[in-house]
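Numbering (the UniProt record's numbering), first residue to last: 790 to 1064.
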Ligand code: C2E
Ligand code: MG
Ligand code: MG
Ligand code: MG
């Protein structure tokens, strides 16, 4: 809400008490028309097997080409879209576009490859999300087993029962769920225990000093071992060097993703087709 600051100035505050910058106010406004103006695009980053380096899937990552400001990172505009509620139509667009692109993408990576889509917690917790997923699959003809949804621990804001039930229902459809940015939130271990997830993505904060920080390495090794005991697949994000690749492979991580292999790129760059 607004708070009076001195005589003639007002400041806007977010729900979390942080000040909203003038920049954010303008961007939030522009978000309302961006979808209709087709300013969003999806880029795709490969996820490879740690043992042989073969592409096992892709992650869809949204990009905003702002007509005046150029490329804006999802780290900036996704939180704004969550504040305004725009994340709901935007998230639906991502799901439909990614499922539509999947056929061309997965043709590059073999029949068991998966396409991962990031899902905002607000989108996940909203009634009708399961139906949104079903509609995106039906409209694209994508086999549910090829779709994977990446969620973060904040899906648990309405309790572990609700989240577990929804993940279970998605599983009945054939769609699997991965826990993204693992290790950055609170109470991570109990979530690993309580949620019927299929895959854990180790946050890149654990990867960047994996070769030098022994405590970090111990946590990473512990998570890999625990996840494997629970029949989960482990992915490491943010692999930037060959040494990190080899270290994570040696530690038993199943899948790897990062700039070392490839940066996120438009569909046409990956498939070699021109639009
Ligand atoms: P994320 O889901 O954890 O995605 C991984 C982020 O790490 C991406 O940033 C990717 O470009 C970046 N990355 C990949 N490899 C490397 C590397 O080797 N080094 C470094 N430094 N970074 C690497 P991006 O594309 O800027 O996305 C940031 C976040 O925005 C995502 O984190 C995700 O939380 C969110 N996001 C992206 N696309 C979507 C979307 O379609 N829907 C929703 N709800 N959120 C999205
Ligand atoms: Mg992700
Ligand atoms: Mg992540
Ligand atoms: Mg992240």
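Yeah, the Cβ is synthetic: ideal placement off N, Cα and C, and Gly gets one too. Every value quoted in this text rests on a predicted model; they were computed, and no experiment measured them.
- Taking the Cα positions, residue 1035 is about 19 Å away from residue 989.
- In the pairwise beta carbon analysis, the region 928-942 is classified as not touching the region 854-874: fewer than three pairs are separated by under 8 Å.
- The DSSP-derived three-state label of residue 829 is strand.
- Taking all protein chains in view, the Cβ of residue 907 is crowded by 16 or more other Cβ atoms within 10 Å, so the residue is classified as buried.
- Annotation for residue 993 indicates a beta carbon within 8 Å of some heavy atom of ligand 3.
- Any heavy atom of ligand 2 within less than 7 Å of a residue's beta carbon puts that residue on the list, which reads 848, 905, 907, 939, 969, 990.
- In the DSSP assignment, residue 855 falls within the unbroken beta strand (DSSP E) covering 844-855.
- Residue side-chain check: residue 1029 keeps its Cβ at 8 Å or more from all non-hydrogen atoms of ligand 3.
- In chain order, 1049 place their CB closer than 7 Å to the CB of residue 1030, counting only its own chain and leaving out the 5 sequence neighbours on each side.
- Under DSSP, no beta-bridge partner is assigned to residue 995.
- Contact between residue 905 and residue 967 is confirmed by a C-beta separation of about 7 Å, below the 8 Å threshold.
- Residue 1007 sits in a helix when the DSSP states are folded into three classes.
- By the criterion of a C-beta distance shorter than 6 Å, residue 969 is surrounded in its chain by 939, 941, 990, once the five residues flanking it on both sides are discounted.
- Counting C-beta pairs closer than 8 Å gives three or more between the region 1043-1062 and the region 818-833, which meets the contact rule.
- Each of 1000, 825, 816 was checked against the Cα of residue 868, and the nearest Cα belongs to 816.
- With 16 or more other CB atoms across the displayed protein chains lying within 10 angstroms of its CB, residue 890 is buried.
- Taken in chain order, the whole alpha helix (DSSP H) runs of length 4 or more contained in the region 998-1052 are 1003-1018, 1031-1039.
- Less than 9 Å divides the Cβ of residue 953 from the Cβ of residue 984.
- In the same chain as residue 957, and ignoring 5 residues on each side of it, the C-beta atoms closer than 6 Å to its own belong to 985, in chain order.
- If only uninterrupted alpha helix (DSSP H) runs of at least 4 residues are considered, those enclosed by the region 878-953 are 910-914, 918-929.
- Straight-line measurement puts the Cα of residue 923 at about 13 Å from the Cα of residue 965.
- Residue 959 holds the alpha-carbon nearest to the alpha-carbon of residue 913 among 902, 897, 813, 959.
- At a cut-off of 8 Å, the beta-carbon of residue 846 does not count as near ligand 1: no heavy atom of the ligand is closer than that.
- Around the CB of residue 1043, 16 or more other CB atoms lie within 10 Å, so the residue is classed as buried.
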